[in-house]
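*Asks:*
2 protein chains.
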Amino acid sequence: MNRRAFFVSDRTGITAETLGASLLTQFPDIDFKRTNIPFVTNELAAHAAVATIQHAAEDDAIAPLVFSTLTDPVIQRIVATSSPHFFDLFGTFIAPLEIALARQSSHTAGRMHGVFDSGAYDKRMQALNFTLSHDDGLSPRDLKEADLVLLGVSRSGKTPTCLYLAMHYSLKTANYPLTDDDFGSIKLPKILQPCRDKLYGLTIAPEQLSRIRRERRPTGDYSSLVRCRAEIAMAEAMFRTENIQYIDSTSISIEEIAATVVRDMGLH
Amino acid sequence: MNRRAFFVSDRTGITAETLGASLLTQFPDIDFKRTNIPFVTNELAAHAAVATIQHAAEDDAIAPLVFSTLTDPVIQRIVATSSPHFFDLFGTFIAPLEIALARQSSHTAGRMHGVFDSGAYDKRMQALNFTLSHDDGLSPRDLKEADLVLLGVSRSGKTPTCLYLAMHYSLKTANYPLTDDDFGSIKLPKILQPCRDKLYGLTIAPEQLSRIRRERRPTGDYSSLVRCRAEIAMAEAMFRTENIQYIDSTSISIEEIAATVVRDMGLH
Numbered sequence: 001m002n003r004r005a006f007f008v009s010d011r012t013g014i015t016a017e018t019l020g021a022s023l024l025t026q027f028p029d030i031d032f033k034r035t036n037i038p039f040v041t042n043e044l045a046a047h048a049a050v051a052t053i054q055h056a057a058e059d060d061a062i063a064p065l066v067f068s069t070l071t072d073p074v075i076q077r078i079v080a081t082s083s084p085h086f087f088d089l090f091g092t093f094i095a096p097l098e099i100a101l102a103r104q105s106s107h108t109a110g111r112m113h114g115v116f117d118s119g120a121y122d123k124r125m126q127a128l129n130f131t132l133s134h135d136d137g138l139s140p141r142d143l144k145e146a147d148l149v150l151l152g153v154s155r156s157g158k159t160p161t162c163l164y165l166a167m168h169y170s171l172k173t174a175n176y177p178l179t180d181d182d183f184g185s186i187k188l189p190k191i192l193q194p195c196r197d198k199l200y201g202l203t204i205a206p207e208q209l210s211r212i213r214r215e216r217r218p219t220g221d222y223s224s225l226v227r228c229r230a231e232i233a234m235a236e237a238m239f240r241t242e243n244i245q246y247i248d249s250t251s252i253s254i255e256e257i258a259a260t261v262v263r264d265m266g267l268h
Numbered sequence: 001m002n003r004r005a006f007f008v009s010d011r012t013g014i015t016a017e018t019l020g021a022s023l024l025t026q027f028p029d030i031d032f033k034r035t036n037i038p039f040v041t042n043e044l045a046a047h048a049a050v051a052t053i054q055h056a057a058e059d060d061a062i063a064p065l066v067f068s069t070l071t072d073p074v075i076q077r078i079v080a081t082s083s084p085h086f087f088d089l090f091g092t093f094i095a096p097l098e099i100a101l102a103r104q105s106s107h108t109a110g111r112m113h114g115v116f117d118s119g120a121y122d123k124r125m126q127a128l129n130f131t132l133s134h135d136d137g138l139s140p141r142d143l144k145e146a147d148l149v150l151l152g153v154s155r156s157g158k159t160p161t162c163l164y165l166a167m168h169y170s171l172k173t174a175n176y177p178l179t180d181d182d183f184g185s186i187k188l189p190k191i192l193q194p195c196r197d198k199l200y201g202l203t204i205a206p207e208q209l210s211r212i213r214r215e216r217r218p219t220g221d222y223s224s225l226v227r228c229r230a231e232i233a234m235a236e237a238m239f240r241t242e243n244i245q246y247i248d249s250t251s252i253s254i255e256e257i258a259a260t261v262v263r264d265m266g267l268h
């Protein structure tokens, strides 16, 4: 079964999409076709959104689901006419919040992603620049500056996780690739010893690692399952011996890895 | 005035935090102290969350706000006892959705960030790897592979925007820095002519650009306001002459720049 779902918002639509998509996962046997309609900031855009949604309703001969995070009551009322299945993700909570806080809300457009805080922006940029410039290569001085250092074998997911942590948590995240040189013993590499409290390990199923490495280098020892198994076994042994917390990234998303690291390290 | 707000979820807490924070912006004169309690997946964790929240209530002598995206009804009921100001961001919509879709929900833990779709994962990784390996430097072949190419002067925000577009929209995003060499005329650089339909420009207020550049190189012509003004004027003239859509990144977040680019280019 198919069903259309629209996410309408006055800014980027990130909030509407995030919660809306999460709600839709509760109905796994329906194949939802999703459309984001962002930046609905005036009546003209609201009427255009209604036309788009009603056009889809006619095509499908069934009313689509519409999820809204619109904050302006006038625009909201226009878009609400688009479908009988209109879900007001934002306004639903405003009245009870006004009661809880004993004051009126400001009814301004969702400022979550709009407000410009130059201090926070600078911090985020510094974290991103740090992370980008220290991808696979660290001096002891860099390690001192880092908020966090991820350890793992090549292709275990360090780089995307570092970037996510920098982008979303403004953490200066460095990464240290564990290589053959480090596996002479299962002791922590010397350069990492002074920053033991910043270390976090990533591991991954050897089969998945082998698959990912084959995409980069289709043949040779680097991507062989035997080699992947050996490297992962050594890395995990090191994490355990050295009491480094670690996570298996095999079947979870970057968002979840990052949130877990932040929680485990008490960084948020 | 201060008030505590807790975001409780059974996964990363991203959804609860995103919507909760957006709701709180409607009460700008209250200074909210926010705490994320992620991964509340069993009764033990639920009771621990309740204890944390009630401890805060005693400290503050006022009940905190609690925003929940918990999906398990048993865990949800436990956490709901933590405060009279409990906002069920998820469950509130499940019953009306069940009516709209004429079926029961699965009541499984929020799978938004948990489900592992290896096709989507690969696409995201390919986009990230492409973007990382083509930061400031492109061959004609690379341009052919790109989904999108951002243009702008040095430090106008190209790199973080590219990374965000790759991370969140799985778009292979390249960037082309406009330099003195390109400003001999206001014509499009030759290498970019075959991919005209993939181009999008970034501009920024000269004062902001100068400030950002000074952080990198405190002295010299590179960060001078005169130079920044001249570069921005040339870049904007090129965008207009060549009919390239562009956005002023001065006072908006990376999320908004990215969502605007995706919308304007019809990529989502």
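Going down the list, the protein sequences come from chains F and C. Those letters in the first sequence? Residues 1 to 268, by the working numbering. Those letters in the second sequence? Residues 1 to 268, by the working numbering. No residue lacks a Cβ here, since even glycine has one placed at the ideal position from N, Cα and C.
Does the pairing of the segment 147-157 of chain C with the segment 191-203 of chain C give three or more beta-carbon distances under 8 angstroms?
*Replies:* yes
*Asks:* Does the separation of the CB atoms of L101/F and I53/C fall below 9 angstroms?
*Replies:* no
*Asks:* So H55/C contacts chain A; which residues on that side make the cut at Cβ distance below 8 angstroms?
*Replies:* Given the protein chain composition of this structure (F and C), no chain A is represented.
*Asks:* Starting from I191/C and walking both ways along the beta strand (DSSP E), at which residues does that stretch end?
*Replies:* That residue, I191/C, is in no beta strand (DSSP E); it is neither H nor E in DSSP.
*Asks:* With respect to the alpha helix (DSSP H) encompassing R141/F, which residues constitute its N-terminal and C-terminal limits?
*Replies:* 140-145
*Asks:* So which of Q26/C, P189/C, N2/C, S156/C has the shortest CA-CA distance to E231/C?
*Replies:* Closest option to E231/C, judged by alpha-carbon separation, among Q26/C, P189/C, N2/C, S156/C: S156/C.
*Asks:* Using a 10 Å radius around the Cβ and a threshold of 16 neighbouring Cβ atoms, would you call S82/C buried or exposed?
*Replies:* buried
*Asks:* Would L97/F and S106/F be called neighbours here (beta carbons separated by less than 9 angstroms)?
*Replies:* no
*Asks:* At the 9 angstroms Cβ level, is A100/C part of the contact set with chain F, yes or no?
*Replies:* So, interface residue.
*Asks:* State the DSSP-derived secondary structure class of T203/F, mapped to helix, strand or coil.
*Replies:* Here T203/F sits in strand by DSSP.
*Asks:* Shorter than 9 angstroms from the beta carbon of G13/F to some beta carbon of chain C?
*Replies:* yes
*Asks:* Give me the Cβ distance between T159/F and Q208/F, rounded to the nearest whole Å; I'm assuming they're in contact under 8 angstroms.
*Replies:* With 8 angstroms as the limit, T159/F and Q208/F do not qualify as a contact, their Cβ atoms being about 16 angstroms apart.
*Asks:* Please classify T287/C as buried or exposed, where buried requires at least 16 other C-beta atoms within 10 Å of its C-beta.
*Replies:* Residue 287/C lies beyond the residue range present for chain C, which begins at 1 and ends at 268; the question has no answer from this structure.
*Asks:* In three-state DSSP terms, what is P160/F?
*Replies:* Helix, per DSSP.
*Asks:* Hey, out of V40/F, D181/F, K123/F, whose CA is closest to V74/F's CA?
*Replies:* The shortest Cα separation from V74/F among V40/F, D181/F, K123/F belongs to V40/F.
*Asks:* Counting only Cβ-Cβ distances shorter than 7 angstroms, please list the residues of the segment 25-42 of chain F near chain C, keeping chain order.
*Replies:* T25, Q26, F27, P28, I30, N36, P38, F39
*Asks:* Would you identify the three-state DSSP class for R77/C, choosing helix, strand or coil?
*Replies:* helix
*Asks:* What would DSSP say about R111/C, mapped onto helix, strand or coil?
*Replies:* Low per-residue confidence applies at R111/C: pLDDT is 48, beneath 50, and the placement is therefore not dependable enough to give any value.
*Asks:* Hey, quick one: how far does the beta strand (DSSP E) through L151/F stretch, first residue to last?
*Replies:* Here the beta strand (DSSP E) through L151/F covers 148-153.
*Asks:* Please list, in chain order, the chain F residues whose beta carbon lies closer than 9 angstroms to that of H85/C.
*Replies:* Here the neighbours are P96, L97, I99, A100, L101.
*Asks:* I'd like to confirm the pairing. Which residues does DSSP put opposite L65/C in its beta bridges?
*Replies:* A5/C
*Asks:* Return no unless some Cβ of chain F is closer than 9 angstroms to the Cβ of M238/C.
*Replies:* no
*Asks:* Can you confirm whether D181/F, when its beta carbon is compared against all beta carbons of chain C, has any partner nearer than 9 angstroms?
*Replies:* no
*Asks:* I want to verify the contact list: residues of chain F whose CB lies under 9 angstroms from the CB of F90/C, in sequence order.
*Replies:* Against chain F, a Cβ distance below 9 angstroms from F90/C picks out L19, S22, L23, Q26.
*Asks:* Do T35/C and R3/C count as a contact pair if the criterion is CB distance below 9 angstroms?
*Replies:* no
*Asks:* Hey, is V40/F close to the ligand GTP, as in C-beta under 8 angstroms from one of its heavy atoms?
*Replies:* As presented, the structure is devoid of all ligands, the ligand GTP included, so that no description of it is given.
*Asks:* Within 10 angstroms of its Cβ, does S133/F collect 16 or more other Cβ (buried), or is it exposed?
*Replies:* Residue environment analysis places S133/F among the exposed positions, since fewer than 16 neighbouring C-beta atoms fall within 10 angstroms of its C-beta.
*Asks:* Starting from D221/C, follow its DSSP beta bridges and name the residues at the other end.
*Replies:* DSSP output for D221/C lists no bridge partner at all.
*Asks:* Sort P140/C, I204/C, S185/C, Q126/C by Cα distance to K172/C and report the nearest one.
*Replies:* Q126/C
*Asks:* What does the Cβ neighbour count give for L65/C, buried or exposed, with the cut at 16 atoms within 10 Å?
*Replies:* buried
*Asks:* Do E255/F and Y164/F have their C-beta atoms within less than 9 angstroms of each other?
*Replies:* Taking a C-beta distance under 9 angstroms as the contact criterion, E255/F and Y164/F qualify as a contact pair.
*Asks:* Please classify A61/C as buried or exposed, where buried requires at least 16 other C-beta atoms within 10 Å of its C-beta.
*Replies:* exposed
*Asks:* Please identify the residue among S139/F, L89/F, R124/F, R213/F whose C-alpha is closest to the C-alpha of S22/F.
*Replies:* L89/F
*Asks:* Quick check: is the beta carbon of M164/C nearer than 9 angstroms to any beta carbon in chain F?
*Replies:* Per the sequence shown, the amino acid found at residue 164/C is Tyr instead of Met. It does; some Cβ of chain F falls within 9 angstroms.
*Asks:* For L225/F and A235/F, what's the separation of their Cα atoms in angstroms?
*Replies:* Taking the straight line joining both Cα atoms gives about 15 angstroms.
*Asks:* If you check the beta carbons only, do K123/C and P194/C fall under 9 angstroms apart?
*Replies:* no
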